[in-house]
Amino acid sequence: MSIKLIRQALNGNGRLPRMWRSHSLKDRYDAVIIGGGAHGLACAYYLACEHGITDVAVLEKRYIGSGGSGRNTAIIRSNYLTPEGVRFYNESVKLYEQMATELDFNVMFSQRGHLTLAHTDGAVNTMRRRAEVNRLEGVASYLIRPDEIARLCPCLDVSDHPRYPILAALYHPPGGIIRHDAVVWGYAHHADVRGVHIHQQTEVTGVEVQNGKVTGVETNRGRIKTGTVLNATAGWGSTIADMAGVKMPLTTFPLQACVTEPLKPFLDVVVVSGSLHVYISQSDRGELVMGASVDPFASYSMEGSLSFLEGIAGHVLELFPSLSQVRILRQWAGLCDMSPDYSPIMGFTPVEGFLVDVGWGTYGFKASPICGKMLAECIATGRTPDLIAPFCLSRFEDGRLVGEKGAASVGH
Numbered sequence: 096m097s098i099k100l101i102r103q104a105l106n107g108n109g110r111l112p113r114m115w116r117s118h119s120l121k122d123r124y125d126a127v128i129i130g131g132g133a134h135g136l137a138c139a140y141y142l143a144c145e146h147g148i149t150d151v152a153v154l155e156k157r158y159i160g161s162g163g164s165g166r167n168t169a170i171i172r173s174n175y176l177t178p179e180g181v182r183f184y185n186e187s188v189k190l191y192e193q194m195a196t197e198l199d200f201n202v203m204f205s206q207r208g209h210l211t212l213a214h215t216d217g218a219v220n221t222m223r224r225r226a227e228v229n230r231l232e233g234v235a236s237y238l239i240r241p242d243e244i245a246r247l248c249p250c251l252d253v254s255d256h257p258r259y260p261i262l263a264a265l266y267h268p269p270g271g272i273i274r275h276d277a278v279v280w281g282y283a284h285h286a287d288v289r290g291v292h293i294h295q296q297t298e299v300t301g302v303e304v305q306n307g308k309v310t311g312v313e314t315n316r317g318r319i320k321t322g323t324v325l326n327a328t329a330g331w332g333s334t335i336a337d338m339a340g341v342k343m344p345l346t347t348f349p350l351q352a353c354v355t356e357p358l359k360p361f362l363d364v365v366v367v368s369g370s371l372h373v374y375i376s377q378s379d380r381g382e383l384v385m386g387a388s389v390d391p392f393a394s395y396s397m398e399g400s401l402s403f404l405e406g407i408a409g410h411v412l413e414l415f416p417s418l419s420q421v422r423i424l425r426q427w428a429g430l431c432d433m434s435p436d437y438s439p440i441m442g443f444t445p446v447e448g449f450l451v452d453v454g455w456g457t458y459g460f461k462a463s464p465i466c467g468k469m470l471a472e473c474i475a476t477g478r479t480p481d482l483i484a485p486f487c488l489s490r491f492e493d494g495r496l497v498g499e500k501g502a503a504s505v506g507h
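To get my numbering, take the position in the sequence shown, counting from 1, and add 95.
Structure follows, in structure tokens:
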């Protein structure tokens, strides 16, 4: 227990200080960040912490963390397919590993291991390729067979009875889960402490551009003058970009998830099956957190569906037959902006002063710390860091795609 918690417990009044404050909306800021999720708040934190830029406004149309940051299933990993992706996500995992110490806030990062199952010979070959790419980039990732899978996850059916028997798996020891709300709150608190203004219930209705340069934003609370705007939204990336006259090659899909009633701890690793389109982990409260791939249609709906529950229940039971009597408590959905190569879009755009951190599909939360750090460097220096250069918007015109579909088809 930290000294801070002991002091709070002994202060006598039983009230904790506010994590961040409310401010009047100023008519000018050095930088405006659209999106009050983990990406936007991380960027604000690193702008203030590492570059001394504190005249920053974070604008969120609802409440902090109400979008993708509060709707994801909180899985962290770096075992991607391309060298560019592996390097990028590995740096994010490193920042997650030191986050609790850096923010003096327990984000509950549990590196319990991550299993990506292979049910076909083709999938086994893909896992072998991913393992080699990961190890070349210094990331722990191994191809393991059913006997080792059974040791790591005894409740998983590794027999030859299922319709899709498990032939192998990609084992990624650094992978795990985290408390996503804690990440949002930690970044918001420390950005606020350093002078950043966090504005909730503040919706951006327009982005002003004059002579090819950003000059301000319009909100439901008034106009803000600024020369720098970061679009760090999930689900609305193309909508905000359109306001600045920047076209984004993004399509928005709903992604659903659900949780069961609490159970005694039995699932130590995160389990993912690309063939069955399902992933599952157990939270610290005992709930099984489950999800699938994005819905098969483009939409801005965040309603749950019966077809999702039917599909995921059947696929989970193929992997874990013993869960047949477990009850699902609730389900929800979020919005995912998917790019043509299943990789994000980060950095500068043709409009001077308008930057983007969008197109994260189903895997944006994993990248929150490193995205914030890199986009803060972009804003502060006017240069694109080498780590995110492959993910620039111009790659779609130049034909330099970063194809991650093989490692992100399920999303986790």
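Yeah, the Cβ is synthetic: ideal placement off N, Cα and C, and Gly gets one too. Bear in mind that the values here come from a model prediction, so they are computed numbers and not experimental data.
I need the DSSP call for residue i, collapsed to helix, strand or coil.
i	result
Val309	strand
Phe415	coil
Lys320	strand
Arg425	strand
Asn185	helix
Ile239	strand
Arg172	coil
Ala352	strand
Arg490	helix
Ile148	coil
Tyr374	strand
Met96	At Met96 the pLDDT is 47, less than 50, meaning the model places this residue with poor confidence and gives no usable figure here.
His285	helix
Ile159	coil
Asp125	coil
Glu499	coil
Cys248	coil
If you follow the beta strand (DSSP E) that residue i is in, where does it begin and where does it stop?
i	result
His267	263-267
Asp452	449-453
Ala213	209-213
Gly59	The displayed coordinates of the chain run from 96 to 507. Any statement about residue 59 would go beyond what the structure contains.
Gly132	Gly132 -> no beta strand (DSSP E), and no H or E assigned at all.
Given residue i, which residues of its chain have a CB within under 6 Å of its CB, disregarding the five upstream and five downstream residues?
i	result
Gly522	Any answer about residue 522 is impossible in this case: the structure gives the chain only from 96 up to 507.
Thr310	Glu303
Gly135	Ile128, Val153, Ala327
Cys431	Phe348, Leu350, Val389, Gly456, Thr457
Val421	Thr355
Met194	Val202
Lys500	Tyr437
Asn185	Ser173, Val234
Gly448	Lys308, Val309, Gly322, Thr323
Consider the C-beta atom of residue i and the heavy atoms of the ligand SAH; say whether any pair is separated by less than 8 Å.
i	result
Val421	In the structure on display, the ligand SAH does not appear, and there are no ligands present to speak of.
Give me the Cβ distance between residue i and residue j, rounded to the nearest whole Å; I'm assuming they're in contact under 8 Å.
i	j	result
Leu496	Val451	Actually they do not touch by this definition, with Cβ atoms about 17 Å apart.
Val228	Leu176	7 Å
Gly162	Gly330	7 Å
Phe415	Asp252	7 Å
Phe183	Leu482	6 Å
Pro464	Val453	Wrong, their Cβ atoms sit about 17 Å apart, outside the cutoff.
For chain D, is any of its Cβ atoms less than 9 Å away from the one on residue i?
i	result
Gly381	Note that chain D does not occur in the displayed structure, where there is just one protein chain.
Of all the options the options, which has the alpha carbon lying nearest to the alpha carbon of residue i?
i	options	result
Leu371	Thr328, Ala387, Pro360, Leu362	Ala387
Thr349	Tyr395, Val366, Lys308	For the sequence presented, residue 349 should be read as Pro rather than Thr. Answer by Cα proximity: Tyr395.
Val446	Met194, Gly307, Val384	Gly307
Ile273	Phe204, Ala126, Gly163, Cys466	Phe204
Phe403	Met385, Ala484, Glu243, Lys461	Met385
Val299	Val288, Gly281, Ala327, Gly160	Ala327
Gly270	Ala169, Gly369, Arg157, Val202	Ala169
Met433	Ser173, Ile159, Gly332	Gly332
Ser164	Lys189, Ala462, Glu405	Ala462
Lys156	Gln296, Tyr237, Glu145	Gln296
Gly130	Tyr237, Val253, Gly467	Gly467
Cys250	Val366, Gly442, His267	Val366
Ser236	Tyr266, Asn315, Cys144, Thr221	Tyr266
Cys353	Leu345, Ala245, Ile423	Ile423
Tyr374	Glu405, Pro391, Val411	Val411
Tyr282	Pro480, Pro112, Ala143	Ala143
So, at 8 Å on beta carbons, what are the nonlocal neighbours of residue i in its own chain, with the 5 sequence-adjacent residues on each side left out?
i	result
His284	Met114, Trp115, Leu198, Phe200
Thr444	Ala336, Ala339, Val341, Leu450, Val451, Leu488
Pro360	Gln377, Gly381
Lys121	Ala152, His292, Ile319
Asp125	Ile148, Asp150, Val151, Thr321, Gly322, Thr323
His275	Ala133, Gly160, Ser164, Gly165, Asn167, Ala169, Phe460
Leu358	Gln377, Gly381, Glu382, Leu383, Val421
His214	Tyr259, Pro260, Ile261, Leu262, Ser368, Ser370, Leu371
Please go through the same chain and pick out, in chain order, the residues whose beta-carbon is closer than 7 Å to the beta-carbon of residue i, but skip the five residues on each side of it.
i	result
Val364	Arg207, Gly208, His209, Leu210, Leu247, Cys248
Glu179	Pro485, Val497
Lys189	none
Gly399	Gln351, Gln426, Trp427, Ala428
Met96	Note that Met96 scores a pLDDT of 47, beneath 50, so its modelled location is shaky and nothing firm can be said.
Just curious, the alpha helix (DSSP H) that residue i is in, first and last residue?
i	result
Ala462	Unbroken run through Ala462: none, as it is neither H nor E.
Thr196	194-198
Ser333	332-338
Gly217	216-231
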